[in-house]
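Contents: one structure, followed by commentary.
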Amino acid sequence: MMLVLRCPRCGTVTYEGHFTFPVCHKCHENLLKCRYCRHYPGDGRRCHKVADNPYIHGDDVRACPSYRSTLQNPATVWGMSRISAVACILISAILGIIVAVVSILPTPSQLRDMHFITINCPREAVRGKRLVAVLRISHNVHEQPTTIRISIPRKVLDAFAIVQVTPIPDWEVKNERGWVCGYSRADGSTKPFAIKFTIEPLRNGVHQLRLEVTEEYARKGIARWEAVNWRINVVDKPPAQKRH
């Protein structure tokens, strides 16, 4: 049965399968915090539903098989049949695709390259040696961006460790699906935005550094999405310098 959670901070309902789940897409609250579990014993106390009985805190987020949310929307969850749940997911997906397509259609005054993100990073790396990837985001000059969200899939995190992000994100979430961070652009600036990722290669071989960027605008329902893939060859030792 599909999980439907109501955010305790802003009241927004978020469906399992939504691209921000389990993070509220309005206020960015993580809806799977320990404080929202029926078994939550209290801040700083041991949780006996977890194998090693750790001390937990309300803001902790754990991949716990015993997790039972207190944020479920009863009228929606328990009264919804499997067919209705599937229909809601399909409708949400179709509407999301329509919004994405409409938002990237060019206007007569905007006949330019549709790519709005670029990445600068070495193509060769040594396992265990840190390197820097700089992501540059060029805003749509006709809109005022309010939120920038960057997603990194789990497969990328298995090959690269994120050591540092500059500037520091306003919020970030890491779970079994990957890592997501966001920046609020309350100033409405349309100037290009650069984000520096310090990463550490964990495995040898050729890996794709994939960054997915969503830029939301002041006009509700308008957003742009783009992904960039950067191929990096990771080796044990740096290549020997050729002697002239």
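Going from the sequence shown to this note's numbering is simple: count from 1 and add 4. Glycine included, each C-beta is placed from N, C-alpha and C at the ideal position.
Residue i lies in the alpha helix (DSSP H); which residues open and close that run?
i, result
"Ala163", "Arg158 to Ala163"
Using CA coordinates, which residue listed in the options is at the minimum distance from residue i?
i, options, result
"Lys195", "Arg13, Arg140, Tyr71 and Asp56", "Arg140"
"Ser73", "Pro26, His61, Ile60 and Arg50", "Pro26"
"Asp47", "Ile121, Arg235, Phe164 and His61", "His61"
"Arg189", "Asn233, His52 and Ala198", "Ala198"
"Ala227", "Phe120, Cys125, Pro173 and Ala163", "Phe120"
"Ala163", "Gly186, Asp174, Gln212 and Tyr187", "Gln212"
Throw me the rounded Cβ distance for the residue i and residue j pair, which I believe falls under 8 angstroms.
i, j, result
"Glu180", "Arg158", "7 angstroms"
"Glu220", "Thr170", "The Cβ separation is near 22 angstroms, so there is no contact."
"Cys28", "Leu35", "6 angstroms"
"Ala231", "Leu206", "With 8 angstroms as the limit, Ala231 and Leu206 do not qualify as a contact, their Cβ atoms being about 21 angstroms apart."
Apart from the five residues on each side of it in sequence, which residues of its chain come closer than 6 angstroms, Cβ to Cβ, to residue i?
i, result
"Ser96", "none"
"Asp64", "Cys38"
"Val184", "Ser155 and Val177"
"Ile93", "Gly21"
Over the uninterrupted beta strand (DSSP E) stretch that includes residue i, give me the two end residues.
i, result
"Tyr71", "Note, Tyr71: premise wrong, no beta strand (DSSP E); not H, not E."
"Leu135", "Leu135 to Ile141"
"Glu176", "Trp175 to Asn179"
"Gly186", "Gly182 to Ser188"
What did DSSP end up calling residue i once you bin it into helix, strand or coil?
i, result
"Leu99", "helix"
"Leu94", "helix"
"Arg66", "coil"
"Arg39", "helix"
"Leu9", "strand"
"Lys200", "strand"
"His52", "coil"
"Gln114", "Confidence at Gln114 is low in this model, with a pLDDT of 36, below 50, so its placement is unreliable and the value that follows should be read with caution. Here Gln114 sits in coil by DSSP."
"Val239", "strand"
"Glu20", "strand"
"Lys30", "coil"
"Ile172", "coil"
Leaving out the 5 sequence neighbours to the left and right, which residues in its chain are closer than 8 angstroms to residue i when beta-carbon positions are compared?
i, result
"Val210", "Arg235, Ile236, Asn237 and Val238"
"Cys31", "Cys11, Arg13, Cys14 and Thr16"
"Val138", "Ile123, Asn124, Cys125, Ala198, Ile199, Lys200 and Phe201"
Can you find the residues in the same chain that come closer than 7 angstroms, C-beta to C-beta, to residue i, ignoring five residues on each side of it along the sequence?
i, result
"Thr202", "Arg134, Val136, Val167 and Gln168"
"Leu75", "Leu9, Arg10, Pro12, Leu35 and Tyr40"
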